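**Q**
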Amino acid sequence: MKSLDGPILVTGGTGTLGRLLVPRLQDDGCKIRVLSRRGREAREGIEFAIGDLGTGDGIQAAVDEAAVIVHCAGSAKGDEDKALSLVRAASRVGARHLVYISVVGADRVPVVSGVDRAMFGYFASKLAAERVVADSGLPWTTLR
Numbered sequence: 028m029k030s031l032d033g034p035i036l037v038t039g040g041t042g043t044l045g046r047l048l049v050p051r052l053q054d055d056g057c058k059i060r061v062l063s064r065r066g067r068e069a070r071e072g073i074e075f076a077i078g079d080l081g082t083g084d085g086i087q088a089a090v091d092e093a094a095v096i097v098h099c100a101g102s103a104k105g106d107e108d109k110a111l112s113l114v115r116a117a118s119r120v121g122a123r124h125l126v127y128i129s130v131v132g133a134d135r136v137p138v139v140s141g142v143d144r145a146m147f148g149y150f151a152s153k154l155a156a157e158r159v160v161a162d163s164g165l166p167w168t169t170l171r
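The sequence shown lines up with residues 28 to 171 when you count with my numbering.
#1: Taking the straight line between their C-alpha atoms, what separation do you get for residue 127 and residue 112?
#2: In whole angstroms, what separates the C-alpha of residue 165 from that of residue 135?
#3: Quick check for students: name the residue ranges of the alpha helix (DSSP H) that lie wholly in the segment 50–129, counting only runs of 4 or more.
#4: What are the residues that DSSP puts in a beta bridge with residue 47?
#5: In this structure, does DSSP put residue 154 in helix, strand or coil?
#6: Residue 60: which of 74, 121 and 66 sits nearest, CA to CA?
#7: Am I right that residue 155 and residue 107 are in contact with their C-beta atoms under 8 Å? What's the rounded C-beta distance?
#8: Residue range of the beta strand (DSSP E) that residue 37 falls in?
#9: Looking at residue 116 and residue 42, is the spacing between their C-beta atoms short of 8 Å?
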């Protein structure tokens with residue numbers, strides 16, 4: 028992989044998807060910064076930034092000097108607000124690219140009733156976060 032001038036920031040880097048992505052990026056020779064709510068001991072080629080997308084704490088420092096941001100963090104509630112927190116911080120530092128990991132069907136599963144929200148709220152949350160990223164003014168890619 029072409030050398031980047033800064034680390035790749037992976038939100039949710041210790042979660043379901045992120046923990047699979049981080050070693051692949053590392054195998055490609057990338058420097059990695061993982062955003063985590065809890066501190067972890069740094070490993071060769073991986074640094075950990077403590078931060079919380081829900082509160083915004085530590086986000087600005089985490090995005091600072093990141094070459095690319097890969098947003099893997101997600102939950103059934105609050106994805107839109109968390110994406111907005113990340114986008115605002117990324118915009119302040121002029122982030123070069125934001126990759127948002129969504130979910131297949133986010134734009135196809137209708138969520139109109141309370142029952143729909145209970146069953147498919149995750150899809151609605153992901154779609155709302157996609158819109159935040161798309162409207163951010165940052166260069167972006169969404170993967171479903």
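For glycine and all other residues, C-beta sits at the position ideal for the given N, C-alpha and C. Since the structure is predicted, the reported quantities are computational estimates derived from the model, not experimental observations.
**A** Quick answer:
#1: As a working note, residue 127 is residue 100 in the sequence shown. As a working note, residue 112 is residue 85 in the sequence shown. Residue 127 and residue 112: Cα-Cα distance of roughly 14 Å.
#2: If you number the sequence shown from 1, residue 165 lands on position 138. If you number the sequence shown from 1, residue 135 lands on position 108. Whole-angstrom Cα-Cα distance: 25 Å.
#3: Whole alpha helix (DSSP H) segments, 4+ residues: 86–90 and 106–119.
#4: Taking the sequence shown and counting its residues from 1, the one referred to as residue 47 is at position 20. Its beta-bridge partners do not exist; DSSP assigns none.
#5: Residue mapping note: residue 154 aligns to position 127 of the sequence shown, counting from 1. In the structure shown, residue 154 sits in a helix (DSSP, three-state: H, G or I).
#6: Start at 1 with the first residue of the sequence shown, and residue 60 comes out as number 33. Scanning 74, 121 and 66 for the CA closest to the CA of residue 60 turns up 74.
#7: Taking the sequence shown and counting its residues from 1, the one referred to as residue 155 is at position 128. Taking the sequence shown and counting its residues from 1, the one referred to as residue 107 is at position 80. Rounded to whole angstroms, the Cβ separation of residue 155 and residue 107 is 4 Å, and the two are in contact under 8 Å.
#8: If you number the sequence shown from 1, residue 37 lands on position 10. Its beta strand (DSSP E) spans residues 35–38.
#9: Counting from one through the sequence shown, the residue named residue 42 turns up at place 15. Counting from one through the sequence shown, the residue named residue 116 turns up at place 89. The Cβ atoms of residue 42 and residue 116 do not sit closer than 8 Å to each other.
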